[in-house]
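All remarks here apply to the structure that follows.
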Amino acid sequence: MIPSTTAMPSAPLVALLPGKSKLFYARHPWVFPNAVAPISAPISNGAIVQLVSHTGHFVGWGLYNAQSRIRIRIHSWDRENPPGPVLWRHRIQTAANLRRDLGLMNPDGACRLINSEGDLFSGLVVDRFGGWLVAQISSLGISQNIDTILDILEEEIKPEGIIRRQDNEMARLEGFDPIDALARGKAPPERLLFQEHGLTFGVNLLEGQKTGYYLDQRDNRILAASLAKGRTVLDAFTYAGGFALRAAAAGAQSVVAIDQSQSALDIAALNAEANGFSNKITFHKAEVFDDLSARVSRGERYGLVIVDPPKFARAKNRVEEAMRGYRRLIALALRLTEPEGRVAICSCTGSVSREMLENLIGQVAAEERRDARILHAAGAAPDHPIAMSCPESGYLKFFLLAVS
């Protein structure tokens with residue numbers, strides 16, 4: 080239960096248009112401009128506002144931003160608990176307790192500590208790597224309150240340090256300056272080591288992609304590796320080598336790992352060395368689509384093909400473009416798979432739904448005259464909870480296929 084705090088009658092009121100309240104009474108946290116009635120007085124971007132129905136009934140408290148495609152991010156549906164230190168402390172405590180229940184707070188491990196909408200903290204992601212936290216902000220309102228939030232994180236989690244990382248494009252869209260810097264405590268080692276399911280990985284928290292490592296695929300790497308024993312494996316978009324190392328550990332005959340980023344491959348090679356797999360994994364720098372096409376032309380085939388590309392589209396108006404990219408990638412993966420082989424296909428593009436991707440896999444398999452069967456369909460690891468009221472927060476799709 081959230082400790083009660085004083086409500087904020089002075090906060091600006093924002094009314095919803097008639098017929099628009101139902102979604103938000105059902106606790107969807109994103110209020111788009113087309114749901115909001117005209118506003119009579121100016122409201123500062125980042126301000127706390129009280130959202131009401133067109134008849135004036137309380138709906139929730141949110142953070143306002145007129146320049147964002149999400150006009151209001153709702154943080155509380157409790158009239159007595161607006162956004163502020165009391166609510167944020169409760170959200171952080173609840174999130175940390177969930178990770179403890181999941182067994183993910185080991186001192187030498189890593190986990191997603193706060194998963195934005197999935198932890199009722201829209202606009203904030205926090206990952207933990209050993210004794211360090213990495214915070215990534217996607218909301219102007221959170222950016223304006225980040226010092227208070229980081230203070231609470233320090234008090235509740237007691238990390239050795241906290242790093243801020245920022246998606247520059249998201250910062251531009253929300254209207255705040257991107258910051259990549261140490262924000263609290265001491266700097267992490269240039270190569271910070273952590274454990275994941277018995278393997279050692281190293282990350283550069285100040286320079287790596289996103290918050291440093293893709294923790295959402297933790298359990299999917301185990302699923303894919305369960306079919307790697309004795310097979311030749313191709314891992315496309317390997318980044319830090321997570322899928323490649325897991326396949327090697329599971330007894331793969333050999334692994335080829337491809338990425339276009341040399342810095343990512345350098346990290347992956349160090350990870351392979353740390354786990355004794357340097358002689359089993361070959362890392363290759365290339366534009367991935369071009370490289371896969373060349374391998375098809377050479378007639379190469381693999382027993383297990385893994386494709387885990389970056390996001391293909393940020394906005395819904397780019398979905399068709401994203402689907403064309405997935406169509407091409409799935410076709411290449413199938414062409415590179417041996418008869419009776421296995422394929423892992425991943426998508427982190429939120430605007431491409433699970434149903435859309437599953438249907439596309441079936442279409443492409445038929446076009447390639449391959450029989451594809453789903454062995455596992457999964458999403459992100461459980462430290463990336465999905466809000467039932469916000470299905471859009473379930474961005475990751477993972478399909479493990481048997482292909483004849």
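Residue numbers for the sequence shown follow the working numbering, so the first one is 80 and each next one is one higher.
Ideal Cβ placement from N, Cα and C applies to all residues, glycine included.
Since this is a predicted model, take the numbers as computed values, not measurements.
If we count the other Cβ atoms within 10 Å of its Cβ and call it buried at 16 or more, is residue 463 buried or exposed?
-> buried
Could you spell out where the beta strand (DSSP E) holding residue 293 opens and where it closes?
-> It is not in any beta strand (DSSP E) - residue 293 carries neither H nor E in the DSSP assignment.
Determine the direct distance from the alpha carbon of residue 424 to that of residue 309, and round the result to whole angstroms.
-> 20 Å
Return the CA-CA distance between residue 86 and residue 181, expressed in angstroms with no decimal places.
-> Unreliable placement is indicated for residue 86, whose pLDDT of 49 sits below 50; the coordinate value is still reported in the next sentence. Roughly 34 Å separates the two Cα atoms.
Once you ignore the five residues that flank residue 172 on each side, which residues in its own chain have a CB closer than 7 Å to its CB?
-> 235
If you follow the alpha helix (DSSP H) that residue 444 is part of, which residue opens it and which one closes it?
-> 433-446
What residue ranges within the segment 353-405 form continuous beta strand (DSSP E) runs of no fewer than 3 residues, ordered along the chain?
-> 360-364 and 381-386
Length-filtered (4 minimum) alpha helix (DSSP H) runs lying within the segment 269-355 | 297-304, 321-328 and 341-353
The segment 86-102 touching the segment 130-139, judged by at least three CB pairs closer than 8 Å = yes
Can the beta-carbon of residue 322 be found less than 8 Å from the beta-carbon of residue 344?
-> no
Whole-Å CB distance - residue 411 paired with residue 371, under 8 Å assumed | 4 Å
Going by DSSP, name the residue or residues bridged to residue 146.
-> BP columns for residue 146 are empty, so no partner.
How many Å lie between residue 186 and residue 296 at the Cα?
-> 20 Å
Alpha carbon of residue 168 to alpha carbon of residue 197, nearest angstrom = 16 Å
Residue 415 to residue 279, Cα distance in whole Å?
-> 30 Å
Closest Cα partner of residue 247 within the set 217, 263, 191 and 317 | 217
Quick one: give me the first and last residue of the beta strand (DSSP E) that residue 455 is part of.
-> 451-457
Between which two residues does the beta strand (DSSP E) harbouring residue 244 extend?
-> 240-244
Which residue spans inside the segment 135-222 form an unbroken beta strand (DSSP E) run of at least 3?
-> 137-143, 151-155, 189-194, 203-208 and 211-216
Using the C-alpha atoms, what's the distance from residue 453 back to residue 431?
-> 18 Å
With DSSP as the reference, label residue 470 as helix, strand or coil.
-> helix
CB of residue 125 within 8 Å of CB of residue 103, strictly | no
The beta strand (DSSP E) spanning residue 428 covers which residue range?
-> Looking at the DSSP string, residue 428 is not in any beta strand (DSSP E), and its letter there is neither H nor E.
In three-state terms, what does DSSP make of residue 106?
-> coil
Beta-carbon proximity list for residue 205, same chain, < 6 Å, skipping 5 on both sides = 192, 193, 212 and 214
Have a look at residue 438 and residue 272 and give me their C-alpha separation to the nearest angstrom.
-> 39 Å
Residue span of the alpha helix (DSSP H) that contains residue 252, given as start and end | 247-253
What does a CB cutoff of less than 6 Å around residue 257 pick up in its chain, not counting 5 residues either side in sequence?
-> 245, 247 and 250
Excluding the five sequence neighbours on either side, which residues of its own chain have a C-beta within less than 6 Å of the C-beta of residue 458, listed in chain order?
-> 473 and 475
From the DSSP output, in three-state form, read off residue 415 for me.
-> coil
Answer yes if the segment 139-155 comes into contact with the segment 103-115, meaning at least three C-beta pairs across the two stretches below 8 Å, and no otherwise.
-> yes
Can you give the Cα-Cα distance for residue 275 and residue 164, rounded to whole angstroms?
-> 33 Å
Coarse secondary structure for residue 114, derived from DSSP in three states | helix
For residue 231, the first and last residue of its enclosing alpha helix (DSSP H) = 225-236
Would you mind sorting residue 369 into buried or exposed? The rule is 16 or more other CB atoms within 10 Å of its CB.
-> exposed
In three-state terms, what does DSSP make of residue 410?
-> helix
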